[in-house]
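Residue numbers (this note's numbering): 544 to 804.
Backbone N, C-alpha and C fix where the C-beta goes; we use that ideal spot for every residue, glycine too.
Bear in mind the structure is a predicted one, so any value in this text is a computation, not a measurement.
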Ligand code: COA
């Protein structure tokens with residue numbers, strides 16, 4: 544296990560769990576927490592033994608209750624831009640992470656916490672999860688990519704509703720609108736998230752990585768470019784040993800053993 548002041552990482556059976564632990568402030572993101580999250584992901588990127596990452600918040604109340612309002616309250620226009628850019632960059636690195644990242648949300652995911660969860664590739668939520676973007680009630684707007692990513696995930700109308708009202712969305716509604724992939728009983732959150740991560744981790748790692756790359760590439764590009772990217776990545780996978788192994792294993796009626804090469 545590696546641990547900084549607010550973020551710890553545990554690795555078991557090729558799954559890394561990154562936990563934000565600042566429970567006294569409902570895991571709110573101050574600059575140090577954001578930096579520690581970034582460092583934790585940086586280390587996992589290079590670790591070949593890790594095939595999937597779970598990101599969660601410590602305690603029973605919150606995933607992350609937002610950016611730290613005490614810090615935001617001090618900002619001027621220039622620092623405001625910097626705070627936003629720094630958060631955006633860290634979340635962008637998570638979104639572009641070459642291994643699947645699953646948010647396990649067992650409570651409040653508000654403001655920056657909601658934005659952090661939607662920068663992850665998948666979201667498993669407990670029946671106690673609450674998503675929301677309450678920024679307009681504080682006189683600001685989401686600044687960690689929330690106004691950009693949410694509409695892509697749940698559609699323009701629903702994103703506008705969440706950003707303009709600041710209202711919270713419960714777990715059931717989150718699943719209905721595509722904000723959550725899976726709702727599970729609170730006590731099963733980590734076990735069920737780990738099961739999903741393990742399910743993905745059994746597949747060919749490079750194929751999983753390029754699948755993500757192709758999907759995000761498509762969302763961020765035109766149809767023709769996206770289709771071209773898909774073909775290129777599809778072809779690239781034919782150079783991997785894992786493709787030979789996956790297909791041989793199928794034909795030989797055995798389980799594939801993937802090396803990530
Ligand atoms: N920034 C800084 N501190 C925060 C925080 C945030 N985003 N969210 C919670 N906290 C702190 C509270 O100030 C409180 O600290 P204190 O005990 O030193 O006073 C502690 O965390 C516990 O929160 P509290 O409000 O007492 O818990 P609650 O159960 O009554 O309410 C929330 C929970 C999530 C509804 C409430 O904390 C809240 O609205 N938080 C702010 C959410 C928000 O606007 N986020 C977007 C920021 S851009």
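Using DSSP's beta-bridge definition, name the partner residues of residue i.
i	result
residue 648	668
residue 674	652 and 712
residue 679	Bridge partners of residue 679: none, in fact.
residue 550	563
I need the boundaries of the alpha helix (DSSP H) containing residue i, first residue and last residue.
i	result
residue 752	748-762
residue 777	766-780
residue 787	784-794
residue 697	689-697
Establish whether the CB of residue i and some CB of chain C are separated by less than 7 Å.
i	result
residue 585	Here there is only one protein chain, and chain C is not present.
Hey, residue i and residue j: beta-carbon distance below 7 Å or not?
i	j	result
residue 577	residue 630	yes
residue 561	residue 595	no
residue 711	residue 675	yes
residue 644	residue 668	no
residue 709	residue 677	yes
residue 626	residue 618	yes
residue 558	residue 783	no
residue 740	residue 789	no
residue 734	residue 672	no
residue 757	residue 771	no
residue 549	residue 634	no
residue 587	residue 580	no
residue 670	residue 729	yes
For ligand 3, is there a heavy atom less than 6 Å away from the beta-carbon of residue i?
i	result
residue 678	As for ligand 3, it is missing from this structure, which binds only ligand 1.
For the region 599-616 against the region 562-574, are there 3 or more C-beta pairs whose distance is under 8 Å? Yes, the region 599-616 touches the region 562-574.
Counting only runs of 3+ residues fully inside the region 703-753, write out the beta strand (DSSP E) ranges in chain order. Within the region 703-753, the complete beta strand (DSSP E) runs of at least 3 residues are 725-727.
Between the region 660-671 and the region 762-780, do at least 3 Cβ pairs fall closer than 8 Å? Touching, no, given that fewer than three Cβ pairs across the two stretches are closer than 8 Å.
Cβ contact check for the region 593-600 and the region 646-663: 3 or more pairs under 8 Å: The way I'd put it, the region 593-600 does touch the region 646-663; three or more beta-carbon pairs between them come closer than 8 Å.
Taking 8 Å as the cut-off, does the region 796-803 touch the region 762-769 (at least 3 CB pairs, one atom from each stretch)? No, the region 762-769 is not in contact with the region 796-803.
Which ranges would you report for the alpha helix (DSSP H) in the region 552-628 if only whole runs of at least 4 residues count? If we require 4 residues or more, the alpha helix (DSSP H) runs fully inside the region 552-628 come out as 574-589 and 612-615.
Counting pairs of beta carbons, one from the region 746-754 and one from the region 715-732, are three or more of them closer than 8 Å? Not touching, per the Cβ criterion.
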